[in-house]
Each structure stands twice: as structure tokens, then as C-alpha cells.
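So the sequence shown is numbered by full-length UniProt numbering: it starts at 1 and just counts up by one. Ideal Cβ positions, reconstructed from N, Cα and C, are used throughout, including at glycine. Just so it is clear, the structure is predicted and the values come from calculations on it, not from any experiment. The block underneath contains the structure these notes are about, expressed in C-alpha cells.
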Amino acid sequence: MQHTQSGRRFARLALGLVVTAAVPSLTTVAAHADDKPAATQAQQQTPDITTRQEKDQTIEEYRIHGKLYAIKITPSRGEPYMLVDHSGDGNFQMERNLRIAIPEWTLLRW
Numbered sequence: 001m002q003h004t005q006s007g008r009r010f011a012r013l014a015l016g017l018v019v020t021a022a023v024p025s026l027t028t029v030a031a032h033a034d035d036k037p038a039a040t041q042a043q044q045q046t047p048d049i050t051t052r053q054e055k056d057q058t059i060e061e062y063r064i065h066g067k068l069y070a071i072k073i074t075p076s077r078g079e080p081y082m083l084v085d086h087s088g089d090g091n092f093q094m095e096r097n098l099r100i101a102i103p104e105w106t107l108l109r110w
């Protein structure tokens, strides 16, 4: 009986050493997983917006990493609309409803 207890203690000790040895390497991997500064990451996610005036409309082109993905056209008269490339193949689709959809829930009813 004493032999099995010492075997269990040894197994627990060995498991503890393996886990302890693995933890610093995991934290090292997590610390070096992304060596880019946070400011560089933020710059990559913010679009480059080019604005130009053509005839009677303002055109805003939205690019990320140099790739054009949306164009907002604001005519001098009428509602603004956007042309959006959803699939990245250069085929732009018009979206006229630029209003933000506000969620509306019924809280109380009597």
C-alpha cells in the first residue's frame, strides 16, 4: 500500500513539474505573439478616405491597404448613397439607405 501512495505522489510531483515548466513558455509565446505596436494595428484598421469634388457632387473613396472597398456619393441635391464592394471582386452595389437602424424594443405595454 505504501508503494502505491509513493507512486501517486511521484506522479503528482511529475505532473506539477511539467505544468510549471510549460507555463513560462506559454506566457512567452503569448507575449511575443504580436510584435507590432498597437498604433500600427490601429492604423491598419482605419480606412484611408480620399475626398474630391466633381461637378455637383462630393465623392469619398474608402480604402484599406490601398484597396477600394466603398464610395460615398453626396449630390448637391438629394440623398447621399454608397457603392460598396461586399465580396472584394470590384463589383460595387448601391446602398441608398444610409440611416443607422436603431433597435426598438417594447419595454412596457398597458
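Judged by beta-carbon spacing, PRO75 lies beyond the 9 Å limit of ARG63, meaning their Cβ atoms are not closer than that value. Here the alpha carbons of GLN45 and GLU61 stand approximately 15 Å from one another. LYS72 sits close to MET82, with the two beta carbons spaced by under 9 Å. Annotation: LYS55 is outside any beta strand (DSSP E) and is labelled neither H nor E by DSSP. Between THR51 and THR58, the gap from beta carbon to beta carbon is short of 9 Å. Here the alpha carbons of GLN93 and THR106 stand approximately 34 Å from one another. Annotation: the continuous beta strand (DSSP E) that includes PRO75 extends over 67 to 75.
Note on geometry: alpha-carbon atoms of ASN97 and GLN53 lie some 22 Å from one another.
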